[in-house]
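Numbering (my numbering), first residue to last: 899 to 1334. Beta carbons: idealized from backbone N, C-alpha and C, even for Gly.
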């Protein structure tokens, strides 16, 4: 009965529009009261859930992303992307995809990516004659690649959500996300090109030459190096994931203040405020989700969910499909961090039971969460893109299917072909690969 109280209270509060963090907390308190347990249990689990050293990586990565967002990196990345693919049919759309991917690698946040790249590319695309819904769809879907990049704080959240279930290193998850990020970018490029051909968008301008490509690359290189620094530092053992996040902040300050000289004091204060606000929300979610996870473990939610799924089918293909569908549906109602924290303890044991690596499941989880970011009723990235493009969500949804198709192709490949996500982690960790 306690599990029923937990589930109904959480669902009812979400339907009433109560913020996710408070819905989780109040549902946990209601369950404690019904079970006759002391209320202090909830607060003890909350505090314990936040007192982990590795969590320091989250505010650092968030702050680095905000500094890049307000530090003028986007314009240089747009110039570089446009020099590469701007001359093909639908060139601005293709440039948008490449630019969003590169900026996503720097910022590590789909929301920041849409805010930065969208404010530059969407008005420019509309001015050049592209339809607003096309400009928004290209931007919002390309920005989702940021969730898989090394600077994404959601990678850290997932590794911590697996505590007590499996041992997942941050390095393995970072490496696992690189090939799927490339696949997703190629799928987005294909979707953008397909729609451009279908709508008959013209070819605007000619290839400006490799000299322009080199010049624009050199201009964008200081900002792009943040990904190289993080990967090289962790792989070489120079610093840990948490230390790499702090290094990312220092590099972001160096680039935006001393190299580009584009970060004003006003924007620096805005970046600090936004990073503090985001960190506060994420850490509150982590703490409250720790209490929620305690009750899910106490009342055997993962085991009961697994039994329900296996009663439908014992085929791994079907089980993985059901997990994907459930993650997608929940991701349309919950924020990315909340989805990871709530769903990982439930679905990871089931996925592992049917042979999926916890690292591979992490990539599947992140892609599903990213897909949810672009789907109403929450759809954070989509609402931001629509606001910038001055177009309704309904109009965008009517032409979204080629881009959804691109995401689903990537998701299915990562789900059913483990080598796409596990090749790089196995290469750099042959001992673990041999043990599988």
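{"Check": "Three-way DSSP call (helix, strand, coil) for residue 1097 in this model", "Outcome": "helix"}
{"Check": "Three-state secondary structure assigned by DSSP to residue 1254", "Outcome": "coil"}
{"Check": "Meets three-Cβ-pair contact criterion under 8 angstroms: the stretch 1217-1225 and the stretch 1030-1040", "Outcome": "no"}
{"Check": "Nearest-angstrom beta carbon gap, residue 988 and residue 1094 [assumed within contact, 8 angstroms]", "Outcome": "2 angstroms"}
{"Check": "The stretch 1255-1264 / the stretch 1060-1073 touching (three or more Cβ pairs under 8 angstroms)", "Outcome": "yes"}
{"Check": "Option nearest residue 1108 by Cα separation, candidates 1214, 915, 981", "Outcome": "981"}
{"Check": "Span of the alpha helix (DSSP H) around residue 971", "Outcome": "971-983"}
{"Check": "Check whether residue 1019 and residue 1121 have beta carbons under 9 angstroms apart", "Outcome": "no"}
{"Check": "Cβ neighbour criterion (16 or more within 10 Å) applied to residue 1059", "Outcome": "buried"}
{"Check": "Reduced DSSP category for residue 1086 - H, G, I as helix; E, B as strand; rest coil", "Outcome": "helix"}
{"Check": "C-alpha distance - residue 1139 paired with residue 955, whole-angstrom precision", "Outcome": "7 angstroms"}
{"Check": "Residue from 1023, 908, 1283 whose Cα sits closest to the Cα of residue 1186", "Outcome": "908"}
{"Check": "Proximity below 9 angstroms, CB of residue 1265 to CB of residue 1312", "Outcome": "yes"}
{"Check": "For residue 1127, three-class secondary structure by DSSP", "Outcome": "helix"}
{"Check": "Residue 927: first and last residue of the uninterrupted alpha helix (DSSP H) it sits in", "Outcome": "918-933"}
{"Check": "Pairwise C-alpha distance: residue 979 and residue 1115", "Outcome": "9 angstroms"}
{"Check": "Rounded C-alpha distance that separates residue 1321 from residue 936", "Outcome": "48 angstroms"}
{"Check": "Check whether residue 903 and residue 919 have beta carbons under 9 angstroms apart", "Outcome": "no"}
{"Check": "Per-residue DSSP class, three states only, for residue 1197", "Outcome": "coil"}
{"Check": "Residue span of the alpha helix (DSSP H) that contains residue 1037, given as start and end", "Outcome": "1030-1041"}
{"Check": "Spatial distance of residue 930 from residue 1244 (CA atoms)", "Outcome": "20 angstroms"}
{"Check": "Three-state secondary structure assigned by DSSP to residue 1345", "Outcome": "Look at the range of the chain in this structure, 899 to 1334, and you will see that residue 1345 is not part of it."}
{"Check": "Same chain only: Cβ atoms within 6 angstroms of residue 1217, ignoring 5 sequence neighbours per side", "Outcome": "1207, 1252"}
{"Check": "Length of the line joining the Cα atoms of residue 1225 and residue 1300", "Outcome": "21 angstroms"}
{"Check": "Nearest-angstrom Cα separation, counted from residue 1096 out to residue 922", "Outcome": "45 angstroms"}
{"Check": "Local conformation of residue 1007 per DSSP, three classes", "Outcome": "coil"}
{"Check": "Closest by C-alpha distance to residue 1168, when choosing among 1045, 927, 963", "Outcome": "963"}
{"Check": "Segment limits, alpha helix (DSSP H) that includes residue 1324", "Outcome": "1317-1326"}
{"Check": "Helix, strand or coil at residue 1065 according to DSSP, with G and I counted as helix", "Outcome": "coil"}
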